[in-house]
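The numbers in the sequence shown follow the working numbering, run straight up by one, and end at 1977.
Every residue gets a Cβ at the ideal spot worked out from N, C-alpha and C, and that includes glycine.
Everything numeric in this text was worked out from a predicted model, so none of it was measured.
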Amino acid sequence: MTHSTPAIVILGQGSLATARRIQQVYPTAQIHGLAGRVEGADCLYQEFGATLRALYQQDTPIIALCAAGIVIRTLAPLLLEKGAEPAVLAVAEDGSAVVPLLGGLGGVNVMAREIAAALQVAPAITTSGELRFGTCLLNPPSGYALADLESGKRFVSDLLAGHSVRIEGAAPWLDQAQLPQDPQAVRSIHVSSAQRMASADELLIYPRSVAVAVSADVTDLPDVVRHALQAANVAVPALACLVAADTDMASTNLRQAALELGVPLRFVAGQSDLQALVRAAVPGANVVSVENLAVAIAEQPLEVAQIGRPRGRLAVIGLGPGAAELMVPAVKAELARATDVLGYETYVRMAGPFRDDQVQHCTDNREEMQRARHAFRLAAEGRSVIVVSSGDPGVFAMAAAVLEALHESDDPAWHSVDLQILPGVSASLATAAQAGAPLGHDFCVMSLSDNLKPWAIIEKRLDLAAEADLALAFYNPISRARPWQLGRALEIVAQHRAPQTPVVLGRDIGRPGQSLRTTTLGGLTADQVDMRTMVLIGSSTTCTFPRTSGGEWVYTPRWYGEKPLS
Ligand code: SAH
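Quick look at the structure:
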């Protein structure tokens, strides 16, 4: 049974050692520690209840190191809703007890056994069928699908009540189970891809052993596939994947059909028709042509990963400023599915930890075009590639370089790649949020680096933006190779703006050792700034006032000129 990466949630320092032992079972799992109580966790949370409920709703398996009652009370409001049901376990702080609570079909008992083995205790398994038969009949291994959960539950209680069972078809995973088998039994576990109405005495399990070859130009493709399966006497859940010619790789129609049918889409090169295609994809299978599709029916579940190759994917992602809480969920999901991660070493490290099967390609910060081309070469092979940027990938970062590389290329394989740009919280926005709302009205974002643009353009833009009374956000304000430019930039701004104008300096915002200071344009000197600093300069209306907690709030009002009547 495969399950997605769990979250390990702890409330106190005393649980950290046990959490680390559990983490050895799930190396990509992060330890979430309560802010102010736990030091040395992988990430911090502020509120236990909200955190646990959010994880649950995102379908993340939860291992909570606290009393089972706390977990139950916290999740109770969500349990009546239909929707995600991830595995949820409570583990005693000292590792002496492992209690699977929820998510029987999410593999909670499998996890309980794995964790208990690592902690050298016995898991508190309470599921009767599982205890009696040593396996959960309703949770067959990947490669198999249960026809119907409700009738399955009835079937398992019949067996628990003492009825015997026979197995029809190949169910190798049940060899180890202690089932009350009897060849004469009335009840049967029936394993096959054939479409049939389950009788009351049957537990129907479909092996995902069928592939359908499709072409991109068919309308209503999901319905056509369902009809073809029906005509071939195959149950829809037995469908393991769709296969298509690699020339159809960029087809939206195919992608949406696969999504709707809930199966992967694989591509095969160099076949003249769908029959040949599906034979090449599933050698030795029984092939049936129905309407304009070809259906391959194998005996065993298909090893989909071995069939042709998937459409390659290239995602250019923004990590946000650094803190895990400020990374958007779509980026987290992308990191989990990636096979290859490319980027400047610091950012790749920030995006981790990665699994052993994920390849990290670290490069120098300056080789951006090379990195972009490398990413396309990998993605065109069918891999799932991530190019990492800090902040937002579209703000002085890799997204434009990746698009430039694609624009320059006439390789159809590159243009067939599923390219996604996933946004992040940019440094100017993360810094502004900590200071208050200095960018609360119109503002202008500039990079002061003259590596890729003439300094004269920078001066002109600064002059016009300052004259236009826009608040200013400076990226790349200074570096060892560009020592004088910031001073010159400030001179230009000072020609249009008063020395009392508020200035915010954010350094390493959202990262360890972050610092935020407010000063004024008159008080700002280049030595207060380095390449890890974000410089925000107010407009004529930007103002400040003290915060009770120390320091001051900085904001730029939403209005301009006369304050509106409220
Ligand atoms: N794509 C990034 C910007 C890359 S340019 C983003 O959207 O944030 C690099 C510049 O961004 C740095 O020189 C610095 O000015 C700023 N920067 C990036 N991360 C920062 C952080 N955590 N704190 C303050 N400034 C940061």
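Counted within 10 angstroms of its Cβ, other Cβ atoms place residue i as buried (16 or more) or exposed
i: Arg1677; result: buried
i: Phe1807; result: buried
i: Gln1434; result: buried
i: Ala1643; result: buried
i: Thr1868; result: Contrary to the premise, residue 1868 reads as Ile rather than Thr in this sequence. Result: exposed.
i: Leu1875; result: exposed
i: Ser1960; result: exposed
i: Glu1745; result: buried
i: Gly1921; result: buried
i: Glu1613; result: buried
i: Arg1958; result: exposed
i: Phe1956; result: exposed
i: Ser1604; result: buried
i: Ala1487; result: exposed
i: Thr1944; result: buried
i: Leu1840; result: buried
i: Leu1873; result: buried
i: Gln1595; result: exposed
DSSP state of residue i mapped onto helix, strand, coil
i: Asp1829; result: strand
i: Val1635; result: helix
i: Gln1771; result: strand
i: Ala1882; result: strand
i: Phe1678; result: strand
i: Met1945; result: strand
i: Thr1955; result: strand
i: Asn1520; result: helix
i: Ala1848; result: strand
i: Ile1797; result: strand
i: Tyr1467; result: helix
i: Ser1507; result: coil
i: Ala1495; result: coil
i: Arg1432; result: helix
i: Val1420; result: strand
i: Ala1501; result: strand
i: Ser1568; result: helix
Closer than 7 Å: residue i CB and nearest ligand 1 heavy atom
i: Gly1851; result: no
i: Ser1599; result: no
i: Ile1920; result: yes
i: Leu1566; result: The sequence given here places Phe at residue 1566; Leu does not occur at that position. No.
i: Ser1837; result: yes
i: Val1752; result: no
i: Gly1423; result: no
i: Gly1451; result: no
i: Ala1808; result: yes
i: Gly1924; result: no
i: Thr1757; result: no
i: Met1608; result: no
i: Thr1842; result: yes
i: Arg1943; result: yes
i: Asp1586; result: no
i: Asn1862; result: no
i: Asp1505; result: no
i: Asn1887; result: yes
i: Ser1604; result: no
i: Pro1834; result: no
Bridge partners - residue i, DSSP secondary structure assignment
i: Pro1618; result: Tyr1555
i: Ile1889; result: Paired residues: none, contrary to the question.
i: Gly1917; result: Leu1927 and Met1945
i: Glu1613; result: Ser1599
i: Gln1441; result: Ala1418
i: Leu1901; result: Bridge partners of Leu1901: none, in fact.
Close Cβ partners of residue i (< 8 Å) along its chain, the five nearest in sequence each way excluded
i: Asp1569; result: Arg1598
i: Leu1489; result: Arg1464, Tyr1467 and Gln1468
i: Asp1659; result: Ser1626, Ala1627, Leu1665 and Phe1678
i: Leu1549; result: Gly1515, Leu1516, Gly1540, Leu1557, Leu1560, Gly1563, Lys1564 and Val1567
Own chain residues within Cβ distance below 6 Å of residue i, not counting five before or after
i: Asp1775; result: none
i: Ser1795; result: Arg1724, Arg1748, Ala1749 and Thr1750
i: Gln1682; result: Leu1688 and Ala1691
i: Leu1422; result: Leu1445 and Cys1477
i: Ala1709; result: Ser1620, Val1693 and Ala1696
i: Tyr1966; result: Gly1847, Ala1848 and Gly1851
i: Cys1454; result: Gln1441, His1443 and Ala1735
Proximal residues to residue i (C-beta, below 7 Å), its chain only, five neighbours per side dropped
i: Thr1413; result: Since pLDDT at Thr1413 reaches only 45, below the 50 mark, its modelled position is unreliable, and no value is offered.
i: Trp1825; result: Phe1787, Ala1791 and Leu1817
i: Ile1832; result: Val1727, Pro1804, Gly1805 and Ala1810
i: Glu1492; result: none
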